[in-house]
Each structure stands twice: as C-alpha cells, then as structure tokens.
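Here the structure comes first, spelled out in structure tokens, and everything after it is commentary.
There are 4 protein chains.
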Amino acid sequence: MPDGLDKIRHELALANRILAREDVLDAFGHVSVRHPGDAGRYLLSRSRGPELVEPADILEFTLDSEPVVPPARRLYSERVIHGCIYQARPDVHAVVHHHAPSIMPFCIAGIDLVPVFHLGATMGGKAPFWDSRDEFGDTSLLVIKPEEGRSLARALGSHAMVLMRRHGATVVGANLHEVVFRSIYSARNAEFQQRAYALGGVGALTAGEAVLAAKHNLQPGPVERGWEYWVRRLEKAEAIVHAAMRGKRAAPRRQTAPAKRKAARGGTKRNRRRTRR
Amino acid sequence: MPDGLDKIRHELALANRILAREDVLDAFGHVSVRHPGDAGRYLLSRSRGPELVEPADILEFTLDSEPVVPPARRLYSERVIHGCIYQARPDVHAVVHHHAPSIMPFCIAGIDLVPVFHLGATMGGKAPFWDSRDEFGDTSLLVIKPEEGRSLARALGSHAMVLMRRHGATVVGANLHEVVFRSIYSARNAEFQQRAYALGGVGALTAGEAVLAAKHNLQPGPVERGWEYWVRRLEKAEAIVHAAMRGKRAAPRRQTAPAKRKAARGGTKRNRRRTRR
Amino acid sequence: MPDGLDKIRHELALANRILAREDVLDAFGHVSVRHPGDAGRYLLSRSRGPELVEPADILEFTLDSEPVVPPARRLYSERVIHGCIYQARPDVHAVVHHHAPSIMPFCIAGIDLVPVFHLGATMGGKAPFWDSRDEFGDTSLLVIKPEEGRSLARALGSHAMVLMRRHGATVVGANLHEVVFRSIYSARNAEFQQRAYALGGVGALTAGEAVLAAKHNLQPGPVERGWEYWVRRLEKAEAIVHAAMRGKRAAPRRQTAPAKRKAARGGTKRNRRRTRR
Amino acid sequence: MPDGLDKIRHELALANRILAREDVLDAFGHVSVRHPGDAGRYLLSRSRGPELVEPADILEFTLDSEPVVPPARRLYSERVIHGCIYQARPDVHAVVHHHAPSIMPFCIAGIDLVPVFHLGATMGGKAPFWDSRDEFGDTSLLVIKPEEGRSLARALGSHAMVLMRRHGATVVGANLHEVVFRSIYSARNAEFQQRAYALGGVGALTAGEAVLAAKHNLQPGPVERGWEYWVRRLEKAEAIVHAAMRGKRAAPRRQTAPAKRKAARGGTKRNRRRTRR
C-alpha cells in the first residue's frame with residue numbers, strides 16, 4: 623500500500639474508534655472509505671471490533687469486495703454492503719454499517735425514522751427500509767452474497783441511509799467526516815423521536831425545513847466542529863489508557879534484581895503477551 | 623481584553639465544560655455572560671464544542687452580536703440568541719442555548735414542561751414555546767438573523783427559559799452559576815416528567831409551591847453547593863486527562879539515546895502533532 | 623470529637639461517596655448515622671455535595687438537629703428529616719435522604735412502589751407516601767421545620783422507606799451498610815418496576831415472598847458482599863483521581879530552573895488554589 | 623488444584639469481570655465452567671461481586687455443588703443452579719446466572735423474550751419461564767435447595783436460557799466465550815425488544831431466521847471477535863486502575879525523610895489497609 627494512503631488509513635481507524643466511543647458501534651459494525659486515488663477500490667479494516675482498529679488493520683478491496691492482497695487475517699463477512707454501494711453510488715465516498723441501540727427499535731418495529739431536529743435532518747428527509755426476507759426469505763440476516771448487497775444498494779437508492787429490518791442501518795456520505803456526523807446525529811434523532819412518541823406525538827420537520835437544516839449542518843463549519851469534538855474526546859480517553867499502559871511497560875525497570883529474576887520465571891508470559899498486543 | 627476579565631473568562635470556559643460534562647451540551651450549544659463592566663457587551667466562545675472551550679477562546683461581542691475585535695476564527699452562527707436576549711432583558715446576565723436529550727422530546731412533541739420537583743422548580747412556573755415556523759416559515763431552524771433572535775426573545779418574555787420547537791432550549795439567569803444550575807435541573811425535571819408520564823400521570827407542583835421552591839433553591843446556598851460539586855467533578859475528570867497528557871510529553875525524556883534517535887526519524891511527526899494541539 | 627468516632631466518620635463519608643458513585647445522590651441528598659455511643663445524637667456532614675464529603679466534614683447533632691459545636695460552615699437545611707426519625711424510631715441507626723432518578727417518577731406520579739425482585743424486597747412490602755401539601759399547604763417542599771420532620775416520621779411509621787411527593791425518598795436502616803444496600807436496590811427496583819409496567823404489567827412479589835427475600839438479603843452475607851463491591855468500585859475511581867492529582871503536585875519538581883522561575887511569577891495562584899482544595 | 627487449571631481459572635475470572643464491565647452483572651450473579659478434565663466437577667468463584675473475582679477466588683465443586691476442598695470463605699448460596707444444570711445437560715460447559723437490567727422487566731412482567739435481531743438470535747428461538755412459586759410457593763426466590771435447582775434445570779430443558787420470574791435469568795453455553803456472548807447479546811436483545819414494543823410493535827425473527835442467525839453468530843469468528851473486544855475493553859479499564867494503584871504504592875519512596883517519619887505515626891494504618899486488599 624503506497625505511503626500516500628497513510629493519512630486516510632489513520633483517519634479511517636480514527637472514525638472506527640470515534641463511532642465506538644460514541645456508542646454507534648460495539649463489537650460489530652464497520653466503516654469504509656472509497657480509495658482516494660482509485661474510485662474502483664475501497665478501504666476497510668480486517669474483521670475486528672471497531673474500537674480496536676488501527677491503521678495497520680486497514681486493507682484494500684475491489685468493488686467486488688475482494689481483497690487486493692490475499693489477507694493474512696479474517697475479513698468482515700458483510701463486505702458486499704460497502705462494495706455494492708460504491709458500485710451503485712459514485713457520489714458516495716464513505717459508508718458506515720451499524721446496529722446503534724437507538725436505531726434498532728425502528729428496524730424491529732418497522733416504524734419510519736423522520737427528522738425531528740435540525741442536526742437530525744442530516745439523515746435526509748426519509749430513510750427507506752430494506753427487508754432481506756422480501757427477496758431472499760429466511761436468511762441469517764447478514765448481507766453476505768453480492769445479490770444481497772445489490773438489493774440493499776437498490777433499497778438505499780439516492781438516500782443517505784437505509785434501515786435494515788431486524789438488523790441495523792447503513793449510512794453513506796460524501797466523505798468520512800460527513801458519514802460520521804450523519805451516523806451520530808441520525809442515532810440521536812432516533813432517540814429523540816422515540817421519546818417524543820412516548821410523550822404523545824412527533825412534530826417532525828417539514829420537507830422544506832429538512833432540506834434547509836441538512837444543507838446548513840453539512841457545511842464544513844458544523845461538520846468539522848463535530849469532528850474536532852469527537853477526535854478530542856477520543857484522544858482524551860485513549861491518552862489515559864496509553865499512559866497507564868506506558869507505566870506498565872516502564873514498571874519492570876524499577877524492580878529490584880531478585881524481583882526481576884522472579885519475573886523472568888513466572889511473569890514473562892504475561893509481559894510478552896501485553897507487548898505483543 | 624483587559625486583565626480584569628480573566629476571572630470571568632475562566633468561569634465562562636468552566637461553565638461550558640461543566641455543561642458538557644453533565645450532558646446538557648455535546649458538540650453543539652453555547653454559553654455566554656454579559657460583560658461585567660459594560661452592559662452593552664457580552665462574552666462568548668469562538669465556534670467550537672463547549673467541552674473544548676478554554677479562556678483564550680472567549681471573545682467580546684456588542685449586543686448586535688458583532689465581534690468587538692475582528693475574529694481570526696469561525697464564530698457561532700446563532701450569536702443573536704444571546705445578543706437579542708441581553709437587549710430585551712436587562713436583568714439577564716448569562717444565557718445557555720442547548721439541545722439536552724431530556725428536553726428535546728418536549729420540543730418535538732410540543733408538550734408543556736412543568737415543574738415536577740423542588741429543584742426543577744428553578745425552571746420557573748412555565749416554559750413558553752417558540753416555533754420558527756410561525757413567523758418565518760421553512761428555515762434551517764437555526765436562529766441566525768436579528769429578527770429571528772428578537773422573535774425568540776419576545777417568546778421568552780419574562781420567563782427563565784424558552785423551548786424551541788424541533789430545535790432545543792434557551793435558558794437565562796441572573797448570573798453564570800444560576801444559569802448552570804437552572805440548565806442542569808430543568809433538564810433533570812424534563813427526564814422525571816417524562817418518566818412520571820409513562821407511569822400514568824404527572825402530579826406537578828402548584829403555582830405556589832413552584833414559586834417557593836424556586837426562591838429557596840436559587841439562594842446562594844443551594845446554587846453554590848451545586849457549583850462546587852460540578853466544578854469538582856470536572857476538575858477530577860480533567861486532572862486524569864491532564865496527567866495522562868503530561869506523561870506523554872514527559873515520556874521522551876526517559877528514552878535512552880538510541881530510542882531518541884529512532885524517534886527523531888519515525889516518531890517525530892506524531893509527537894509534533896500532539897504538542898501542537 | 624473523641625478519637626473513637628474516627629472509624630464511623632470514615633464510614634459515613636464513604637457511604638456518602640458510594641451513593642454518589644452509584645447515582646443515588648447527586649449535588650443534593652444526605653446520609654446520617656446515629657452516634658454509636660450516644661443514642662441522643664447523630665452524625666451528618668456539613669452542607670456539601672455527597673461526592674465531596676470527607677471525614678472532617680462530619681458534624682455531631684442532637685436529635686433536635688442542633689449542632690453540638692457551633693458550626694463554622696453552612697449546614698443542610700433539611701436536618702430535621704434525620705433528627706425526627708431518630709426520635710421516632712429507636713431501631714433506626716442510619717438514614718439516607720435522596721432524589722434518585724428512578725424513584726422520582728413514583729414520587730411525581732403518585733404510583734405505589736412495590737417489590738418486584740428479590741433484592742428489591744429489601745425496600746419492605748410497601749413504601750408509604752408523604753405529601754407536604756396535606757398538612758402544610760404550599761411550601762418550598764423542603765423539610766425544614768421540626769413539625770414537618772415529625773409529620774414525615776409519622777408517615778414513615780414502621781416502614782423502611784417513605785416516598786415524598788414531588789420531592790424524593792427517605793430510607794432508613796439498622797446500620798449504615800444496610801441503608802446503603804436498601805437505597806441502591808430500592809432504586810434499582812423502581813427502575814425495573816417502571817420498565818415492567820411499560821411492557822404491560824407488573825407481577826410483584828407476594829407478601830410472603832417479600833418477607834422471605836428481605837430476610838435473606840439483609841443477612842450479613844449479602845449486605846457485606848454489596849458493601850465490599852461498592853467500596854472497591856469507589857476506591858478504584860478515587861485512586862485514579864488521586865494518582866492524577868498526586869502527579870500534578872509532583873510535577874513542579876521536575877521543572878528546570880528557568881521554568882520554576884516562570885511559575886513563580888505567572889503560575890503560582892493556580893498552584894496554590896489546587897493545594898488548598 | 624493442578625497447574626493445568628491455571629488458564630481456565632484465569633479465563634473464568636476474566637469472564638466474571640467482563641460481564642460486570644458490560645453491565646450484565648453487578649454486586650450479584652455468578653459465572654461457572656465445567657471442569658475441563660472432569661465432567662463431574664465445575665469451577666465457580668467464592669462469594670463476592672463478579673467485578674472483584676481473581677483466579678485465586680475460583681473453587682472446585684462436585685455436581686452436587688459441594689466444595690471439593692473445605693472452603694475458608696463464604697460460598698454463593700445459589701450454587702445448585704450450576705450443579706443441577708451440569709447434571710441435566712452434558713452439552714453445557716458454562717453457566718451464567720444474572721439479573722441484567724434489560725432482562726428483569728421481562729421476568730417481572732412475564733412477557734416472552736423473542737429474538738429481534740441477528741445477534742440476539744443467539745438466545746435461541748425461545749426462552750422459557752420458571753416460577754419458583756409454581757412448585758415451592760412462597761420462598762426467598764433464591765435457588766438454594768437441590769430440588770429447586772433441579773426444577774429450574776427442567777424448565778431450562780434443551781434451551782439456551784431460562785427466565786426466572788421476579789428474579790433474573792440463567793444462560794448456558796457450550797463454552798465460556800459462547801455463554802459470555804449469549805449473555806451480552808440476549809440482554810441487548812431484551813433492550814431492543816422493549817424499545818420496539820414502545821414504538822408500537824415487535825417484528826421478531828422467523829423461526830428459520832432465528833436458527834440461521836444463531837448458527838452464523840455462534841461460529842468462532844463472531845464469538846472470538848466479541849471476546850477480543852470485551853477482553854480489550856476490560857484490560858484498558860483495569861490498566862488505568864492498576865497504574866493508579868501502582869503509583870500509590872510507589873509514592874512513599876519519594877517522600878523526604880521527615881515525611882516518612884510523619885507517615886510512620888499517622889498514615890500507617892491506611893497504608894497497611896490498602897496493601898492488605
């Protein structure tokens with residue numbers, strides 16, 4: 623992978639960890655970007671929890687979702703979600719697939735998600751549903767086969783996100799910062815919509831308001847304000863962990879000679895394990 | 623900016639970070655104070671997430687919401703919320719605009735927020751609604767034009783907070799500590815009201831109770847007890863981050879000579895980046 | 623205050639901070655114990671957020687809620703809650719007054735809290751309501767006057783907790799560990815009851831089950847298992863803060879001579895302020 | 623206990639702390655594994671909060687739930703849950719008993735838990751109910767007597783989990799990683815089901831989808847992806863605590879001679895107490 627991709631791999635790893643930090647992703651879900659220099663390829667992590675994704679985990683795929691280099695590690699089984707959307711939507715440069723807790727009730731109940739506040743309007747005026755059952759009958763619900771991916775991309779159409787019945791959501795964007803912004807604020811929108819519904823009624827944005835509010839909030843100003851905030855929150859959380867881990871590695875140096883010898887017998891396996899991670 | 627403003631800039635930055643720490647604000651929302659020495663000016667951060675606001679970010683504005691000094695950085699687009707309220711309400715010395723998760727359902731459903739416990743009574747007996755649609759039709763929902771700010775200030779009237787349909791809330795106070803207290807406990811009040819409603823009914827305070835409970839809890843005793851608590855919670859959270867960051871900067875010094883040389887080749891970019899932030 | 627009270631002051635401060643850590647208390651609420659050597663006195667912190675309470679904050683009061691030693695600092699205005707209950711209930715040795723988020727909806731809606739799981743049964747078979755309005759009409763809702771405290775104690779009767787309309791709850795116990803256990807698990811019980819209600823129905827414990835489950839869980843085994851767990855959780859959270867604060871105080875020593883001189887000019891005020899806290 | 627069990631004791635302690643970290647367990651609940659070398663025995667911690675469980679706490683029990691070595695410390699009173707299930711289900715090698723907040727409303731309301739998303743399908747197509755009242759009338763609700771344990775095991779039948787009315791849930795698995803995965807995602811499933819119900823309707827998986835989704839997600843790929851993620855989250859949280867504790871122990875060394883003497887008088891009790899824990 624050429625050196626010029628270092629920045630995008632760094633940003634994509636960051637986006638993975640931001641969306642985990644902000645509770646959009648947990649052990650599952652994934653984030654991709656279209657290759658900046660080759661519209662026929664995209665970048666995606668090997669299979670691991672998004673909170674753990676580092677730049678070195680990012681691999682390159684064709685739009686058929688085949689790895690460009692034979693992989694040494696397990697891959698996500700739902701890669702076609704990304705590849706099929708990049709094929710169908712030249713305007714899309716970043717994709718998030720998630721099971722955010724606030725979105726799931728809509729996917730299960732089959733209730734329309736609608737924009738209920740200005741920042742939530744970045745979801746677009748409407749999020750269509752896709753039900754794997756309609757075309758494919760009983761499946762594991764995972765989107766694994768190319769025809770399943772293409773079906774999902776058709777359901778997405780020209781929208782900014784699609785809700786997958788009994789499964790989750792897939793969100794797209796013109797770039798990575800936008801798709802992160804939209805993923806977080808559409809999840810927030812879902813939470814507010816559910817709570818407003820419990821209060822007795824949802825007064826959604828008009829179609830006109832939805833367009834104007836989305837346009838305003840997808841400008842660089844708001845999107846970068848969100849990005850700076852989420853990056854800083856992540857950096858703070860990670861700095862605390864890294865400082866603790868640094869201390870752990872530094873600690874043995876302070877051991878007295880006998881303690882060192884003891885560690886060499888009983889403690890080494892654990893130390894080696896930590897260093898490897 | 624004269625030296626005498628250092629304390630108020632410090633406190634305003636603190637209020638921003640407290641309200642972020644207590645989940646009233648996220649990447650968006652803002653807090654201002656009227657200039658202590660000039661009733662025709664107010665202080666507000668440049669545009670950034672409130673959790674990141676430092677004293678150096680605080681700028682001075684006229685009540686027309688124009689920056690006194692030409693700004694080097696992006697400003698909040700909704701400054702007129704603050705300026706127009708300071709113009710209309712000489713008794714107001716601090717303003718918070720937010721989209722707190724517990725308040726949003728009321729703004730979306732259009733259900734009245736009412737005081738349901740003694741600390742929540744600091745919201746006042748009633749929080750009027752403002753709907754941008756009434757006067758301005760379809761907009762981005764943001765309060766950007768002076769006439770929008772004036773309309774909002776009229777809806778606020780002599781109340782302590784105003785709910786903005788499909789948008790959020792604006793809370794005012796006689797001083798910064800009071801507006802922080804009111805913002806936190808009116809958000810808590812909303813949460814309790816919603817949950818009581820789900821249990822089958824809301825037994826609100828009488829008008830008399832609301833007045834007496836607000837009067838009691840807006841005395842210096844309770845307000846300062848809250849402020850001390852929130853400042854300490856923030857200080858604890860920030861001390862942990864700062865200690866970790868300090869360790870990061872200190873770490874290179876502990877490197878052995880060969881490690882230093884290695885860092886000078888591969889590691890410098892990262893180090894420089896961290897230092898810059 | 624005699625040396626023999628050191629342990630109980632330490633435990634009472636711990637109980638304050640545990641209940642803050644476990645979200646039963648926030649900036650408000652308080653915890654007391656009856657004086658172990660004098661049944662006519664009780665111990666309670668001076669007025670401050672429970673998360674901040676240290677042994678040195680604990681003061682001694684008569685059962686009329688008068689401080690034994692003239693206080694140097696502000697006192698809680700609702701002390702009579704504690705004094706009047708200790709007067710009426712010789713079996714009670716510890717009292718918690720709180721506004722826990724899960725309990726408040728019941729206080730607002732006026733819906734009976736009932737034991738819905740074995741650990742929640744420690745709340746007793748029933749929690750009576752007290753409404754300040756019944757005897758005293760419109761008040762600030764705070765329990766400040768001795769007659770208000772006596773009225774509340776009458777409503778509590780022989781029960782383990784009393785719900786105060788539009789205000790909160792007061793929980794009593796045979797000792798400090800028991801009242802902490804009961805406060806935490808009755809709050810959890812309220813949360814589960816509310817959610818079961820939303821699912822369509824609450825299948826509560828029978829009276830016989832409530833008695834047997836409370837008896838089992840108030841034995842030293844379960845109560846001390848809970849106490850050990852909460853103490854350890856608090857110790858972990860506080861160790862992280864203390865380590866960070868320690869680093870902050872230690873940091874100046876690592877400064878080079880020129881940096882020290884700079885600190886002596888610009889940085890001292892901040893350092894002194896931190897040390898004072 | 624032979625050396626070969628070290629790894630399984632380490633993993634079992636880890637599973638306890640993971641389930642506490644992920645909010646499935648609090649001060650109560652427990653996790654066991656069948657003895658890897660003797661199908662007639664199982665391993666379980668002594669009685670303490672799962673967050674505190676270390677390998678040294680793990681004890682060996684016969685399937686009659688008797689400790690193999692006379693215990694020095696208190697044991698869990700509900701051990702028969704584990705023993706009776708291992709007797710009845712040779713295919714089960716790990717058991718979790720919990721009172722997760724999202725599951726409890728179903729146990730209280732008596733509403734069926736059904737798989738509502740692909741990861742939740744690992745709960746199996748159905749979770750039967752067990753009500754201690756049916757066979758045993760009024761009890762403390764705890765499963766203490768062998769006949770109670772056997773009754774619960776009968777209710778579980780060949781299912782993957784059983785809901786215990788007014789009490790909690792018991793989840794089983796072919797191994798420790800699977801039971802942790804199932805415990806976490808069935809709790810998540812409960813949360814989503816409750817929220818979908820509040821939105822107006824639950825569109826559950828078909829029986830066929832439930833089988834296929836469970837089969838897919840119980841493969842090593844997804845189960846290990848979850849395990850890696852939860853282990854790393856726990857390691858991060860624990861590293862921060864350990865670093866802080868390490869600093870505390872290291873601190874005295876940095877004291878000057880007079881400070882040491884002062885500590886020898888007033889501070890020793892506290893230091894000794896910390897070291898003992």
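Residue numbers (this note's numbering), protein chains in the order written: chain P, 623 to 899; chain Z, 623 to 899; chain A, 623 to 899; chain B, 623 to 899.
Where is the CB? At the ideal position from N, CA and C, for every residue including glycine.
Interface residues of chain A facing residue i [CB-CB closer than 8 Å]
i                      : result
residue 820 of chain B : 820
residue 824 of chain Z : 730 and 731
8 Å Cβ cutoff met for residue i and residue j
i                      : j                      : result
residue 730 of chain B : residue 790 of chain B : no
residue 719 of chain B : residue 652 of chain B : yes
residue 863 of chain P : residue 820 of chain B : no
residue 639 of chain Z : residue 673 of chain Z : yes
residue 664 of chain A : residue 721 of chain A : no
residue 683 of chain Z : residue 677 of chain Z : no
residue 667 of chain A : residue 675 of chain A : yes
residue 742 of chain A : residue 810 of chain A : yes
residue 827 of chain Z : residue 737 of chain Z : yes
residue 816 of chain B : residue 727 of chain B : yes
residue 696 of chain A : residue 687 of chain A : no
residue 679 of chain A : residue 637 of chain A : no
residue 706 of chain P : residue 775 of chain P : yes
residue 740 of chain B : residue 787 of chain P : no
residue 641 of chain A : residue 773 of chain A : no
residue 656 of chain A : residue 708 of chain A : yes
Paired residues, beta bridge with residue i - DSSP
i                      : result
residue 618 of chain Z : No answer is possible for residue 618 of chain Z: it lies beyond the span of chain Z, which begins at 623 and ends at 899.
residue 652 of chain A : A:719
residue 828 of chain Z : The partner list for residue 828 of chain Z (beta bridge, DSSP) is empty, contrary to what the question assumes.
residue 908 of chain P : Limits of chain P in this structure are 623 at one end and 899 at the other, which puts residue 908 of chain P out of reach.
residue 739 of chain P : According to DSSP, which records beta bridges pairwise, residue 739 of chain P is partnered with nothing at all.
residue 689 of chain A : A:683
residue 852 of chain B : Bridge partners of residue 852 of chain B: none, in fact.
Contact set between residue i and chain B, taken where Cβ atoms lie within less than 9 Å
i                      : result
residue 854 of chain A : 671, 673, 674 and 899
Beta-carbon neighbours of residue i, restricted to chain P and to distances below 8 Å
i                      : result
residue 579 of chain Z : Any answer about residue 579 of chain Z is impossible in this case: the structure gives chain Z only from 623 up to 899.
residue 831 of chain B : 755, 760, 761, 762, 763 and 788
Expected contact under 8 Å - CB spacing of residue i and residue j to nearest Å
i                      : j                      : result
residue 671 of chain P : residue 649 of chain P : 5 Å
residue 836 of chain B : residue 761 of chain B : The Cβ separation is near 33 Å, so there is no contact.
residue 831 of chain P : residue 763 of chain Z : 6 Å
residue 987 of chain P : residue 802 of chain P : It is not possible to answer for residue 987 of chain P, since the shown part of chain P is limited to 623 through 899.
residue 714 of chain B : residue 750 of chain B : Residue 714 of chain B to residue 750 of chain B, Cβ: 15 Å. No contact.
residue 732 of chain Z : residue 825 of chain P : 5 Å
residue 662 of chain Z : residue 685 of chain Z : 6 Å
Partners in chain P for residue i, counting only beta-carbon separations shorter than 9 Å
i                      : result
residue 739 of chain B : 721, 726, 729, 730, 763, 788, 789 and 790
residue 847 of chain B : 649, 650, 669, 670, 671 and 696
residue 799 of chain B : Neighbours of residue 799 of chain B on chain P: none; closest Cβ ~12 Å, over 9 Å.
Heavy atom of the ligand ADP within 7 Å of residue i beta-carbon
i                      : result
residue 824 of chain Z : The ligand ADP is absent from the structure shown, which contains no ligands of any kind.
Under 8 Å from the C-beta of residue i: neighbouring residues of chain B
i                      : result
residue 816 of chain P : 817, 820 and 821
Cross-chain neighbours of residue i in chain Z, by beta carbon under 7 Å
i                      : result
residue 703 of chain A : Going along chain Z, no residue has its Cβ under 7 Å from residue 703 of chain A, so there is no contact; the nearest lies around 13 Å.
residue 838 of chain P : 762 and 764
Chain Z contact residues for residue i, given Cβ-Cβ distances below 8 Å
i                      : result
residue 680 of chain A : Neighbours of residue 680 of chain A on chain Z: none; closest Cβ ~17 Å, over 8 Å.
residue 813 of chain P : 723
Proximal chain B residues relative to residue i, where beta-carbon distance stays under 7 Å
i                      : result
residue 751 of chain P : The contacting residues do not exist; residue 751 of chain P stays about 10 Å from chain B at best.
Chain-ordered neighbours of residue i on chain A, where CB pairs are closer than 7 Å
i                      : result
residue 746 of chain Z : Near residue 746 of chain Z there are no residues of chain A at all, since even the closest Cβ is about 15 Å away, more than 7 Å.
residue 835 of chain Z : 762 and 763
Beta-carbon neighbours of residue i, restricted to chain Z and to distances below 9 Å
i                      : result
residue 843 of chain P : 669, 696 and 699
**OP:** For the segment 628 to 648 of chain A, enumerate the residues whose C-beta is nearer than 8 Å to any C-beta of chain Z, in chain order.
**Re:** 648
Original post:
If contact means a Cβ-Cβ distance below 7 Å, which residues of the segment 684 to 715 of chain P contact chain B?
Top reply: The residues in question are 696.
Original post:
Quick one, which residues of the segment 649 to 663 of chain A are near chain Z if we go by CB-CB under 9 Å, in chain order?
Top reply: 649 and 650
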